[in-house]
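According to my numbering, the stretch in the sequence shown is residues 14 to 337, in order.
Working notes for the structure below.
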Amino acid sequence: MRGRLRPFLAAIFVVWNLAHAQEPMEYRPADSSLSGPLISAQTGMETAWDIPKSPLTGSLPRDQHLARQILLGYRIFKNTPQEARRFTGNKLSCNNCHLNAGQREKAMPLVGVAGVFPEYNKRAGRLFSLEDRIVGCFLRSEHALGAKGQRSAKPVFTGDESIVPTTSHEVLALAAYISWISSGHQLGSAISWRGQNTIPPEKIIPLSKLKPKLGEGIYKEKCVTCHALDGQGVAIGDKKPGPLWGPNSWNDGAGAARVYTLAGMILYMMPYLDPGGLTEEEAQQLAAYINSKPRPLFPFKHKDYAREEIPPDAVYYKKRGPGE
Ligand code: HEC
Ligand code: HEC
C-alpha cells in the first residue's frame, strides 16, 4: 500500500512546487485594501479603522520596557489630546493627519521613516533626528504652547526642543512606535511611499490666482458633511476629524499652514469616501480657503528659516526685507 502511495505523493509534491515557483517574487499583499505594507490610497472610509501593523495584535519586542513604550506611543498617536496633554494645545491627534496610525499610502505615512533620520531640515537649518521631527509636529501641528501649563510659563525659545524636549517620555514613546513600524524597511531616504503628498510642479497655481471664495464653494459641496460649516468636524462613530481652523486647529507655523503642503494632503486623502476624486486645482483652492482662516499663533515664526528662504506658500509668515 505504502509503496503505491509514494509515487503519488511525490507527484503532488512536484506539482505543488511548480505552481509556487511560478509565483512572482515581489511582495504582493493578499488583501486588496493594502498597497505593500500600507492601506491603499484607493480605499475610502471602510478601511479607516484598519491598522496593518498594530501593537495591539502584532508581536512586540521581548524587552518589556521597549514593548510598553511602543504601546504608549501608539495610544498617543491615536488620541493625542488625552494621552499627551501637556504638549497638546488643540484638538488634533497625530492620526487625524497621518491616517491609519501612520500606515496609509499618500497620507504622509511613517512606515520606514525612522530610517531616514538624521536629515537636514530647512526650517531649522540643521540636522533633525526622528525625535526632533516629532517635536516639530507637537509644537506646530499640536500647538503645544496652547496646552495647559505651557500657557502661563514664559518660554525661553532657543529652538522647538526648548519647549518640547526630545527626551520627554511622550516624544520617546512616539519614536518607539514609529521605529517599530519602520523595522524591516530600508534605511535611507529612498522609501518609495515617502514624500508623495505633493502637488506636481506643473500643476502649481500661483497664490495670487487662488481665491478663498472659490475654495469655500468647493468646501460647502464636498467637505461640510464631515467637517461642518464651522470647520470643527462631525463625529462619525468613534472617529472625528480635527478642527480645520480656529483655536483648536494647527497653528500658523505648522506644515499644514502652508497652502501647497495642505493641498498635497487634501488631494490624496480627502474627501474620505472618495479619495483621489479632487482635481489639483480644487485641492489648492480648498487649501487656500482653509488657510485664510484664523488659527493659533506660533509666536516664534521669526526664528524659522534663518538660513533658508521663507517658502512662498507659508502664508502666515511675514516676508523678510533684504538683509533682515
Ligand atoms: C495638522 C496635521 C498634522 C498633525 C496633527 C501631525 N502631523 Fe506630522 N506631519 C504633517 C505634515 C504636513 C508633515 C509633512 C512635513 C511638512 O511639509 O511639514 C508631517 C510630517 C511628520 C513626520 C516626518 C515624516 C517624513 O516623512 O519626514 C513625522 C515623523 C511626523 N509628522 C510625526 C507626527 C506625530 C508623531 C504627530 C503627533 C504628535 C504628528 N505628526 C501630527 C502634518 C501633521
Ligand atoms: C466622509 C467624511 C469626510 C469627508 C466628506 C471629508 N473628510 Fe476630511 N477627514 C475625515 C476624517 C474622519 C478625518 C480624520 C481621519 C482620522 O482621524 O482617521 C479627516 C481629516 C481631514 C484633514 C486632516 C486634518 C484634520 O483637521 O483632521 C483634512 C485637512 C481634511 N480632512 C480635509 C478635508 C477636505 C478639504 C474635504 C473636502 C474635499 C474633506 N476633508 C472631506 C472625514 C471626511
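Virtual Cβ for every residue (Gly too), placed ideally from N, Cα, C.
Remember, predicted model here, so these are calculated numbers, not experimental data.
Going by DSSP, what residue range makes up the alpha helix (DSSP H) through Tyr87?
77-91
Could you name the residues that DSSP lists as bridge partners for Asn134?
Arg139
Val169 classed as buried or exposed, judged by whether at least 16 other C-beta atoms fall within 10 angstroms
exposed
So Ala198 packs on Trp263, CB below 8 angstroms; how close in whole Å?
Here residue 198 turns out to be His, not Ala, going by the sequence shown. The Cβ separation is near 28 angstroms, so there is no contact.
Would you check if there are 3 or more beta carbon pairs closer than 8 angstroms linking the stretch 240-256 to the stretch 68-83?
no
From the DSSP output, read off the bridge partner residues of Ser48.
Leu51
From Asn210, Asp145, Ser205, Asn103, residue whose alpha carbon lies closest to that of Thr180:
Asp145
Using the Cα positions of Cys236 and Pro288, report the straight-line distance between them to the nearest angstrom.
12 angstroms
What is the rounded straight-line gap between the Cα of Gly250 and the Cα of Met58?
12 angstroms
Ordered along the chain, which non-local residues of its own chain (more than five positions away) have a Cβ less than 8 angstroms from that of Gln116?
Pro50, Leu51, Ile52, Ile64, Pro65, Lys66, Pro122, Leu123, Val124, Ile194
Secondary structure of Arg308, DSSP reduced to three states:
coil
Could you tell me which residues DSSP pairs with Lys252 in its beta bridges?
Ile249
To the nearest whole angstrom, what separates the beta carbons of Ser192 and Ala127, a pair I think is in contact under 8 angstroms?
4 angstroms
So Ala296 and Leu286 are in contact, right, with Cβ under 8 angstroms, and what is the actual spacing, rounded?
Not confirmed; about 16 angstroms, so no contact.
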